[in-house]
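No gaps in the numbering here: position 38 of the sequence shown is 125 in this note's numbering, and each next residue is one more.
Before any comments, here is the structure.
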Amino acid sequence: MSDLIRPFREALESLDRVRAEALFQQALLRLSPIQAVEQVIVPALEQMGSAWQAGSVALSQVYMAGRCCEELVERVLPPSDPDRKHQPRSAIVLLNDYHMLGKRIVYSVMRASGFELFDYGRMDVEEVVERAIADRIRVLLISVLMLPSALRVGEVCLQLKARGSGIKVAVGGAPFLFDAELWREVGADAMGRSASDAVAIVGGWMGEMS
Ligand code: B12
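Here it is as structure tokens:
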């Protein structure tokens, strides 16, 4: 599948939505929707992030690429599966960031895998703590892409523990990929590298919690 990443990234960089979509369709001939997302869209966006850091791509290109990919993902990942699982009450939130795509994908994949969960959108520390406790959440998935947001996960975990909520927290996103120990340092209960990991983590906790 690596043969498609480069042309797909080039199509995104030149804002050629038609070509990007055609290449993504090619990937879908060989892969399931979530595999195509994780094996083509995610690496292409990661490469664009590095290129932006190196100064060879503009932030506007990164932004437009993100929007284009959001549309592609929206179309291929089904919103729900009729065969819902008996599961702990769960929610997903994007903490402080404006990087919506990762959360969007994790949410879709969780729902497509039979899990029902609240989508809290984007919240700050106080909002998410209050809302999760009010909703009697047992599993909270937190997505971040900025290091400052990742560090604020620590405040969420501290406040949830101080209030005796018993809520388990799983985290994911770029800062946790860059530093493999960060999730432990902020007090999370688990870290996932992909949307499929989120399904495995919550699936694993289901047994413990029932
Ligand atoms: C696209 C993008 C943007 C877009 C976002 C568009 C959108 N609608 O989301 C725009 C242009 C808006 C943007 C803005 C900025 N960005 Co930006 N951006 C990116 C980029 C290139 C890709 C992010 C992305 O969408 N990836 C694809 C998604 C699908 O991947 P993902 O989020 O990692 O999610 C996957 C996994 O991590 C996992 N996952 C995610 N969440 C969770 C949760 C759980 C529980 C689990 C289990 C798994 C999981 O599953 C997902 C699917 O596989 C990254 C580069 C990178 N390496 O990530 C930089 C990056 C995140 N951005 C960065 C920066 C610095 C910024 C800006 C500050 C730039 C600026 N100077 O203004 C702003 C800040 C905005 C803000 N306050 O949030 C830095 C962050 C560095 C840091 N250490 O903090 C990065 C890492 C680039 C870099 N290499 O420096 N950005």
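For every residue, glycine included, the Cβ atom is placed at its ideal position computed from N, Cα and C.
Predicted model, so just to flag it, every value in this text is computed and none were measured.
DSSP state of residue i mapped onto helix, strand, coil
i, result
"residue 189", "helix"
"residue 178", "strand"
"residue 293", "helix"
"residue 279", "strand"
"residue 103", "coil"
"residue 153", "helix"
"residue 268", "coil"
"residue 118", "coil"
"residue 198", "helix"
"residue 223", "coil"
"residue 144", "coil"
"residue 159", "helix"
Cβ separation of residue i and residue j, assumed to be a contact under 8 Å, to the nearest whole Å
i, j, result
"residue 284", "residue 231", "The pair is not a contact, with the Cβ atoms about 15 Å apart (cut-off 8 Å)."
"residue 288", "residue 257", "5 Å"
"residue 179", "residue 110", "Wrong, their Cβ atoms sit about 29 Å apart, outside the cutoff."
"residue 224", "residue 177", "7 Å"
"residue 175", "residue 296", "5 Å"
"residue 244", "residue 273", "6 Å"
"residue 221", "residue 254", "With a Cβ gap of about 12 Å, residue 221 and residue 254 do not count as contacting."
"residue 124", "residue 136", "About 16 Å; that fails the 8 Å criterion."
"residue 156", "residue 132", "6 Å"
"residue 91", "residue 114", "5 Å"
"residue 260", "residue 189", "6 Å"
Boundaries of the beta strand (DSSP E) in which residue i is found, first to last residue
i, result
"residue 257", "255 to 259"
"residue 229", "226 to 230"
"residue 206", "205 to 210"
heavy atom of the ligand B12 below 7 Å from residue i C-beta
i, result
"residue 255", "no"
"residue 133", "yes"
"residue 185", "yes"
"residue 114", "no"
"residue 246", "no"
"residue 281", "yes"
"residue 293", "no"
"residue 290", "no"
"residue 139", "yes"
"residue 194", "no"
"residue 233", "yes"
"residue 92", "no"
"residue 188", "yes"
"residue 230", "yes"
"residue 284", "yes"
Bounding residues of the alpha helix (DSSP H) (the contiguous stretch that carries residue i)
i, result
"residue 98", "89 to 100"
"residue 245", "234 to 249"
"residue 140", "129 to 141"
Min CB distance residue i to chain C below 8 Å
i, result
"residue 219", "Of the protein chains in this structure there is only one, and it is not chain C."
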